[in-house]
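Each protein sequence line maps, in turn, to chains A and B.
Positions 1 to 437 (my numbering) are the ones given, in order, by the first sequence.
Positions 438 to 884 (my numbering) are the ones given, in order, by the second sequence.
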Amino acid sequence: MRILVAAILLAVLAVSPARAIEVQRVVSPGGIEAWLVEDHTNPIIALNLAFRGGNALDPTGKEGLANMVSGLLDEGAGEYDSQAFQGRLEDLAVTLSFNAGRDAFSGRLRTLTENRDAAFDMLHLALTGPRFDEEPVGRIRQQILAGLRADSENPSYIARRTMSRSLYAGHPYGRPGRGTAESVAAFTAADLHVFVGDRLGRDNLVVGVVGDIDKAALAALLDSTFAALPAAAKPWRLRDQAPAARGDTMVIRKPVPQSWILFAQPGVKRDDPDFYVAFVVNQVLGGSGFTSRLYDEVREKRGLAYSIGSRLFPLNHTALMVGSAGTANPRAGETVKLVRATWRAMAENGPTEAELTDVKTYLAGSFPLRFSSSGHIARMLVGMQLENLGIDYLERRNGFIEAVTLDDARRVARRLFDADSLFVVVVGEPEGIDDAR
Amino acid sequence: MIVRLILFLLLAVGATPMAAAGVFNPESFTLANGMQVVVVSNHRVPVVTHMVWYKVGAADEPMGKSGIAHFLEHLMFKATETRASGEFSKIVARNGGRENAFTSQDYTGYFQTVAVDRLPLVMELEADRMRNLRFDAEEVEPERLVILEERRQRTDVSPRAILREHVNATLFMNHPYGTPVIGWAHEIKTLSIDDLQSFYRRWYAPNNAILVVAGDITAAELRPLAERFYGAIPSQTMPERARPQEPPQSAARRVELRDARVRQPSWSRSYLAPGYGSPEGRHAYALEVLDEIMGGGATSRMYRRLVVENKLAVSAGTWYDPDGLGPSRFVFAGSPRPGISMARIEEAIAAEVAGVVADGVTATEVARARRRMRASAVFARDSLGGGARVLGAALASGGNIEMVETWPDRIAAVTVEEVNAAAKAVFLDTRSVTSLLLPEGAEEARR
């Protein structure tokens, strides 16, 4: 293949986002901390927040509780019933929403500067005075149940559920995050209030803010918004759990023309010393963009799938490498076989020197592209705090990528990638799967 | 609030979200060969998004050869006269760039996001594939399989997506919007290299393309680069984008899909409606306001009545997007709560439609909607690629920069009378398709 451009020096390419983005630590008089990126270009403010502890903490039998709360915090609070609350958000042009992840319960707020104080007040009300009136509780319950029903015949959802149930049997990570028809049907307003009282504390809160606001104004708003939360969330413990990936292939028969193939094996946690090495090696194997080995073998050479890729999926108490592909039923076996073979080759020899250089350049150079909107940056500020990456992470991150050597890559490829433990779930009417290994 | 989730699944038909236009303050100039250039400056990080939009989409394909525009989009990542297949993507990745492409009924677009000092490189690559693409059978055939997998993944595995194709094919009796962008599978299978190459030669030219660059750059900085890389490509005579038009529609139509995999039924009614580019385009801004009033959120008429008050539906809303060269549609949709028949949903939504046609909207409703919509223009300015997408889509489908830039003012000028006139003009059942997505064996849902 012809090379158009001379090799580019990594140092030249790796534009430091820190050049343009300065993260400030703001601590309010009441002791609430937020990380702030000031940007006065547009009269808008983006705030993201997260409370550590996600839907994995839903009590047994109350699976889906965090999700249900996430749908109801903006459905009436304080003096406002649901319609009044939503109407006020609309009139202020404020976006406010919540989401329950595996390890954190998160929220996002977007407002124009001119409505700043009112917007923060709505967030304050949602967190500290949700009403959980009968009408919205019943309505959101029905919406969640409808979503569960709609997904119950969706091939990629079936594959995902089957995979987590199989890999994490007996662990909260194996349960459905949105709950089951039974658990969702049983929630009472009291359950929802208990969740808010137990899970939303000042000690497990992290906040990231981007936009048209300065430190002093934010400090004051942090107190008026969050100081009324309980000082501490209810303590919790969750045990670590290795995924039970033993190399088997599971087929779920569904009458669809395309088999959805999901594969997974144990990964590395975010704080693993080899995390960045694994991140780089995975980029060679199946990472984003149109140049990975899996993309080349499965899609470009053979036309077996439209989407194919793999990624690291670290959680607080486990870690996976996961990937997926959609292939016409008659060729599903061929795709699974090819994924395993590509996986095995990576384990045996690791990436080549050229591959390693290319992906390091890509990963370092593309990092600043993530700063594409205030909301994206606010979300990163929260992620950096949840993962304990440090306030100077944006400046240091590309150094971690650049430090990965070929020896590291080969060592970690051997240690991490294991085609024999790769657990495969196929949903559809696949052919040729039995002899896929 | 979870309503949007379901509604989105129900209604997502294309790439562009609800008109999120705003005042982007772009700069614009035209190269000597007729290529229009638009620059949206945003200096947050030293990064640019570089886009080339071609004023050609699926609706410009010859009859019986659906899927060419999208197939060609895939082939644009293959070999050119001087570059090997896949080299484009390798070079972009090696330079820390991200890239992709998209096809709609009206346009085809390609973009890369890169550090600003890599801009000349991606411009050189993009200019190369504007004219120098090769069409080798050994590249085309595996890609045909990829596209058939894409079709299966997006459409064939989903009863909802299959029904959506049937609704489009029924709503547009003669206009090519009735054919899916990705194409019908049996036609994708038989497209020849000649079909693809002819389409490319005919439509891919600088005077049929728009260059949009957003990010850490100004027009003065971009101009010499644009002249160097794109200015050298000769223009050519372009065919007219003449498309078959809809005849008068005079019969209400119904489409039902029953499938054992449907666990949550849904109902919709799509009215043929004018877009910005239609002869009746004066209604477009009023219809956007009406869309906000009828289905724009938790306090909209549809959601409040069907979901909150009457407890008939788990979701209810409307959808309208005037951004297109051809006709648009105004869609009402709802999904029932358990135990509620489709007939009741239909009755309730029909009552909302009849109510707004008979009694109109209130001044308060219009004022609230206009205020929210104008605020959305401020938020649209924030993202790196947002302005580029909105401007590119407008320019590639018959609009102009002025339309985008004055959108908030035009929305602010919409009156109650205009909204009421638009409702009366558009909500005629004889120009509609009603669709039902049902589980297998469900009772007939007629009134």
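Note that beta-carbon positions come from the ideal geometry of N, C-alpha and C, so glycine has one too.
Taking 7 Å as the threshold, the shortest C-beta distance from Gln258 (chain A) to chain B falls below it.
Residue environment: Val277 (chain A) is assigned as buried (16 or more neighbouring CB atoms within 10 Å of its CB, all protein chains considered). Between Val803 (chain B) and Gln142 (chain A), the gap from beta carbon to beta carbon reaches 7 Å or more. Three or more Cβ pairs drawn from the stretch 246-263 of chain A and the stretch 588-600 of chain B lie within less than 8 Å of each other, which places the two stretches in contact.
Proximity of chain A to Lys502 (chain B) at the Cβ level (cut-off 7 Å) is not reached, the minimal Cβ distance being about 20 Å.
About 6 Å separates the beta carbons of Ala496 (chain B) and Tyr614 (chain B), which is inside the 8 Å limit, making them a contact pair.
Under the Cβ criterion of 7 Å, Asp358 (chain A) is counted among the residues facing chain B. In the DSSP assignment, Glu536 (chain B) falls within the unbroken beta strand (DSSP E) covering 535-540. Taken in chain order, the complete beta strand (DSSP E) segments of 3 or more residues contained in the stretch 78-102 of chain A are 95-100. Ranked by Cα distance from Phe263 (chain A), the first of A:Ala77, A:Ala50, A:Val427 is A:Val427. Cα atoms of Leu65 (chain A) and Met163 (chain A): separation of roughly 22 Å, rounded to the nearest angstrom. Distances from the alpha-carbon of Asp631 (chain B) to those of B:Glu725, B:Leu570, B:Pro643 put B:Leu570 closest. Residues of the stretch 725-738 of chain B that bring their beta carbon within less than 7 Å of a beta carbon in chain A comprise Gly734, Ala735, Thr736, in sequence order. Neighbours of Glu683 (chain B) in chain A, taken as residues at a C-beta separation under 8 Å, are lacking, since the least C-beta distance is about 32 Å. Residues of chain A with a Cβ closer than 8 Å to the Cβ of Arg742 (chain B) do not exist, since the nearest Cβ in that chain sits about 12 Å away. Taking each of A:Ala227, A:Leu285, A:Leu406 in turn and checking the Cα distance to Thr342 (chain A), the smallest one comes out for A:Leu285. With a cutoff of 7 Å on beta-carbon distance, Tyr491 (chain B) and Ala564 (chain B) are scored as not near each other.
When C-beta atoms of the stretch 397-407 of chain A are compared with those of the stretch 847-866 of chain B, fewer than three pairs fall below 8 Å, so the two segments do not count as touching. Gly211 (chain A) is bridged by DSSP to A:Glu38, A:Ile45. Residue state for Gly523 (chain B) is assigned as coil, using DSSP reduced to three classes. Arg665 (chain B) has a beta carbon lying at 7 Å or more from every beta carbon in chain A. Using a CB distance cut-off of 7 Å, Thr550 (chain B) counts as an interface residue toward chain A.
From the beta-carbon of Phe371 (chain A), the residues of chain B found nearer than 9 Å are Arg481, Val482, Val484, Leu821. Identification of residues in the stretch 529-541 of chain B having a C-beta nearer than 9 Å to some C-beta of chain A yields Val529, Ala530, Arg531, Asn532, Gly533, Gly534, Arg535, Glu536, Asn537, given in sequence order. The three-state reading of DSSP puts Ser366 (chain A) in helix, counting H, G and I together. Within the same chain, and ignoring the five residues on either side of Thr95 (chain A) in sequence, the residues whose Cβ sits closer than 6 Å to its Cβ are Arg110. For Glu334 (chain A), the CB contacts under 7 Å within the same chain, skipping 5 residues up- and downstream, are Leu304, Gly432 in chain order.
Pairing Phe525 (chain B) with Leu562 (chain B) gives a Cβ-Cβ distance under 7 Å. In summary, Pro661 (chain B) is exposed, with fewer than 16 beta-carbon neighbours lying within 10 Å of its beta-carbon over all protein chains present. In this structure, DSSP gives Thr249 (chain A) an extended state, which the three-state scheme calls strand. In this structure, Gly652 (chain B) lies away from Asn532 (chain B), with their beta-carbon atoms at least 7 Å apart.
For Ile782 (chain B), the closest of B:Ser635, B:Leu743, B:Val790 by C-alpha to C-alpha distance is B:Leu743. Below the 7 Å Cβ cutoff, chain A contributes Thr291 as neighbours of Lys527 (chain B), in chain order.
The beta-bridge partner set that DSSP reports for Val489 (chain B) consists of B:Tyr547, B:Leu648. For Pro273 (chain A), no alpha helix (DSSP H) run applies, since DSSP gives it neither H nor E. For Trp704 (chain B), the three-state secondary structure derived from DSSP is strand.
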